[in-house]
Amino acid sequence: MAHHRPPDSGGDASDAEAIVRSRREPAAFAEIFHRHFAAIHGYVARRLGSDAADDIAAEVFLAAFRKRGRFDPARGSVRPWLYGIATRLIGTHRRAEGRRYRALARTPADSVQDGHEDLVAARVTAGGAGQDLADALARLPRGDRDVLLLVALADLTYEEVGQALGIKTGTVGSRLNRARRRLREALGGNHPALIAEEATA
143 MAHHRPPDSG GDASDAEAIV RSRREPAAFA EIFHRHFAAI HGYVARRLGS DAADDIAAEV
203 FLAAFRKRGR FDPARGSVRP WLYGIATRLI GTHRRAEGRR YRALARTPAD SVQDGHEDLV
263 AARVTAGGAG QDLADALARL PRGDRDVLLL VALADLTYEE VGQALGIKTG TVGSRLNRAR
323 RRLREALGGN HPALIAEEAT A
C-alpha cells in the first residue's frame with residue numbers, strides 16, 4: 143500500500159518559482175530556507191541527535207543553494223530534493239547515526255527524552271522497548287533505513303522517497319517492505335512502533 147499525503151496547496155509551485163527566481167536574485171532562496179528548515183532540522187535531529195542537527199541542516203541548505211541551478215522546476219516539490227541532500231549528508235555521518243541508535247538501545251526506557259528530536263524513541267517507549275527498536279534500526283542496511291525513516295519521519299510518499307534517493311518507486315516499496323520485515327523479526331512482530339507505522343502506510 144502506498145504512503146499518501148494530502149495534495150499540496152500551491153507550495154510546490156511557489157517553491158519551484160523561488161528556486162528559479164533565486165538563480166537571478168540569490169536572496170530569494172531565503173524563502174526555501176524559511177519554509178523547510180524546521181522540517182529538515184527535525185529529520186536530521188531524529189536521525190543524528192540535536193547536537194549534530196544545527197550544523198547538518200545548515201549544510202543541507204548551503205548545498206541546496208549551491209546546486210539550485212541543477213534543480214528542475216518541472217519536478218515541482220523541493221521536499222524530496224532537500225530530503226535527498228539531507229539523507230546523503232546523514233550518510234556521511236552514518237557512524238554517528240549508528241552510535242546514536244546503539245546508545246538509545248543501551249538507555250533505560252524511562253530516561254529517553256520526550257522531545258521532538260527523539261520521535262523514533264518516543265513512539266516506542268510506551269511498550270518499554272525503545273532500546274529494541276534503536277538496536278534494530280542500527281542493524282538495518284543503510285538504504286533500507288533511509289527509506290524507512292524518510293517515510294516514517296519525513297512523511298514522504300514513495301514517489302518522493304524515490305526522487306530523494308534517486309531510486310525507482312518499486313525499489314522504495316521493496317526496501318520499505320524489507321526494512322519492516324527485519325524490524326518485525328527483530329522486535330517480535332507486535333511492537334507498538336510497527337503497528338503505528340503500518341497503520342499510517
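Each residue of the sequence shown is one higher than the last, beginning at 143 in this note's numbering.
Glycine included, C-beta positions come from ideal geometry on N, C-alpha and C.
Asked	Found
Inter-residue Cα distance where the pair is Ala170 and Leu329	47 Å
For Glu259, the three-state DSSP class (helix, strand or coil)	Legend: pLDDT at Glu259 = 36, less than 50; position of this residue unreliable, value from coordinates given subsequently. Glu259: helix per DSSP, three-state reduction.
Beta-carbon contacts of Pro222 that lie in its chain and below 6 Å, excluding the five residues immediately before and after	Glu302, Gln305 and Ala306
N- and C-terminal bounds of the alpha helix (DSSP H) containing Asp214	Unbroken run through Asp214: none, as it is neither H nor E.
Contact between the segment 222–232 and the segment 199–213 (3+ Cβ pairs under 8 Å)	yes
Exposed unless 16 or more other CB atoms sit within 10 angstroms - verdict on Asp196	exposed
Own chain, CB closer than 6 Å to Arg322, minus 5 neighbours either side, in chain order	none
His235 in three-state terms, based on DSSP	coil
Buried or exposed by the 16-neighbour rule on C-beta atoms within 10 Å, applied to Asp193	exposed
Residue environment, Ala296, which counts as buried when at least 16 other CB atoms sit within 10 Å	buried
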